[in-house]
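Using this note's numbering, read the sequence shown as starting at 1 and increasing by one per residue. Reviewing the structure listed below.
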Amino acid sequence: MKLWLNLQNELVNRNMEIQRLNCNGIEENENDDDEEIPSETDEEMDIKCFSNNVEAKGIKRRLKKEDYEMVLAKHFKSLIPYRNSVIQKWDEKTKLSSKRTQKSFSAFDNSALKQIEQSLQDKSRLIKRTQLKRSVYLILGKSESSNSKSANGNEEEISVSKQDMLLKDYDPEIFDDDDFYRQILKEIIESKSFGVDAAAIRKQMDIQKMRNKMKRKVDTRASKGRKLRYDVHPKLVNFQAPYRGSEMPEEARKSFLKSIFAGMSSSVS
């Protein structure tokens, strides 16, 4: 946890906008005179919010495990206004780039902060959805579930048992946001296809098919015998040149054939 706080402070040092925030998340004025910081009692912990000198105002003494949650909660509270301003800024930029009309989903077109607030009303349900094992994968440090092991079972029965296992398999040690990305992909597809007429798309596809037919590849030099036309024959299958296995030399073979035909011609005459 201490390493996490050190990493957080290091990131703050690299961001000038966050350094100007006070404990209430309000941007401080650099021209204001420095005020004297009162010393803290022994009972109070030395917990400072993000400021221009994070290293100097960091945690000076070792904290208990329970105190780290208080430090992180204080840091989180100080960053809420900055977080909301960044979300609002990029939400307005995306609305301008998407060029939405005023009639399209005007009743449901709430701000991003309002949508996030509505989604976080049932926070326990959202956390439980992220802890659902939606696909088959092996978790390091844990053995495979006994439901997935079936000896000499049918493939269909195995697949059904896996699906039932996934619906009931909640694990607080995992974070699976597959349904979130599916919803984002669905919204992107719907936004791209919104306002497009199906008849216009069909007509455009027909025009493209006609253009493809008109643009046939024709070799203009192949007419009037200016190009040799030929058909490519397939290669001979299992073709092998004759092989003579006899050890008789060529001269002996010729003399043998001459003697046979000579004897045949004399007998015929």
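The beta-carbon is built from N, C-alpha and C at its ideal position, and this holds for glycine as well.
Going by DSSP, GLU10 is part of the alpha helix (DSSP H) stretching over 2-13.
DSSP places LEU96 in the helix class (H, G or I) of the three-state scheme.
Straight across, the Cα-Cα distance linking HIS233 with GLU190 is about 53 Å. Sorting ALA112, ILE127, ARG226 by C-alpha distance to the C-alpha of ASP176 places ILE127 at the top. The continuous stretches of alpha helix (DSSP H) do not include THR220, and DSSP gives it neither H nor E.
As computed with DSSP, TYR170 is found in a beta bridge with LEU132. Contact fails between the segment 84-99 and the segment 128-137, because fewer than three Cβ pairs, one in each stretch, are under 8 Å apart.
Excluding sequence positions up to five before and after HIS75, its CB lies less than 6 Å from no other CB in the same chain. In the three-state reduction of the DSSP assignment, PHE256 falls in the helix class.
For the options THR130, ALA252, ALA200, LYS192, the alpha carbon positioned closest to that of ASP169 is the one of THR130. The beta carbons of ALA112 and GLN88 sit closer together than 8 Å. For the pair ASP122 and PRO81, the Cα-to-Cα distance works out to about 22 Å.
Cβ atoms of LEU5 and VAL86 stay farther apart than 8 Å, at about 22 Å. One alpha carbon belongs to ARG202, the other to LYS209, and they sit about 11 Å apart. It is roughly 10 Å from the alpha-carbon of LYS258 to the alpha-carbon of ALA252. Within a 10 Å sphere around the beta-carbon of SER78 sit 16 or more other beta-carbons, which makes this residue buried. CA-to-CA, the gap between PHE180 and GLU10 works out to about 31 Å. In terms of Cβ geometry, LYS133 and ILE174 form a close pair [threshold 8 Å].
Taking every protein chain shown into account, the CB of VAL12 has 16 or more other CB atoms within 10 angstroms, so this residue is buried.
Counting along the chain, SER119 sits inside the alpha helix (DSSP H) bounded by residues 112-119. By the Cβ-count criterion, ILE18 is buried, with 16 or more other Cβ atoms from all chains shown falling within 10 Å of its own Cβ. Between the beta-carbon of ARG221 and that of LYS213 there is about 22 Å, and that puts the pair past the 8 Å contact cut.
Rounded to whole angstroms, GLU247 and LYS235 show a C-alpha spacing of 32 Å.
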